[in-house]
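Numbering (full-length UniProt numbering), first residue to last: 1 to 226.
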């Protein structure tokens, strides 16, 4: 779900909608690219520090080293993509923030209990939370296993990977449980249902805009030929 209140009441022309669609794709690509670039930059410095300060780095196999290298770009790429989506949606629907419906919706959100607010905002930012916990679990698993003085470095890698996989499965199950939980308050459910309806209306609006633009182009092409 998104940060900005959803509204389809603001009229806009079909060409503007098509232009916004192109802008959306561009922003998503740029946001993902920035996240991936920052991730590879982080990987470079992490690998450099590990090679300098940890004697076991040279004993790692290619798979283990690749894990250190691709994890930051993957995590930051996902986070960058989500943030670009939220920023774009906020820009598109910024003019709807002060509508009566948006103000009433925000008041309903403010009236939620602390538990429901945590559930609500956690659900809307679940991908960032998942990536953050996943990255933390990888680091924590390695830090815990690396304290063992009896295991060899390859054994530590295998053990840390097993811990990380178990934590990832637990995180996935927990995320699914929270996503499909029906334990929220009636107010929370009403807000989420309203957002779902708004997102469906916006999706239908985009499809109609594309269809209208295609018809307009075909008509223009036909008149030019004749």
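Every residue, glycine too, gets a C-beta built ideally from N, C-alpha and C.
Residue i vs residue j beta-carbon contact at 7 Å
i, j, result
"residue 35", "residue 79", "yes"
"residue 144", "residue 164", "no"
"residue 32", "residue 69", "no"
"residue 171", "residue 129", "no"
"residue 127", "residue 82", "yes"
Backbone secondary structure at residue i - three-state DSSP
i, result
"residue 54", "coil"
"residue 150", "coil"
"residue 167", "helix"
"residue 42", "helix"
"residue 113", "coil"
"residue 172", "helix"
"residue 76", "helix"
"residue 60", "coil"
"residue 125", "coil"
Nearest candidate by alpha-carbon position, reference residue i, set the options
i, options, result
"residue 27", "130, 106, 86 and 68", "86"
"residue 91", "23, 40, 45 and 172", "23"
"residue 160", "60, 48, 46 and 52", "60"
"residue 30", "142, 112 and 88", "88"
"residue 50", "169, 149, 142 and 176", "142"
Backbone CA spacing between residue i and residue j [nearest angstrom]
i, j, result
"residue 64", "residue 219", "58 Å"
"residue 84", "residue 124", "14 Å"
"residue 146", "residue 108", "48 Å"
"residue 152", "residue 119", "42 Å"
"residue 216", "residue 110", "44 Å"
"residue 174", "residue 167", "10 Å"
"residue 135", "residue 214", "44 Å"
"residue 45", "residue 71", "13 Å"
**Q.** At least three beta-carbon pairs within less than 8 Å, the stretch 152-160 to the stretch 56-64
**A.** yes
Q) Are the stretch 68-78 and the stretch 30-49 touching by the rule of at least three beta carbon pairs closer than 8 Å? A) yes
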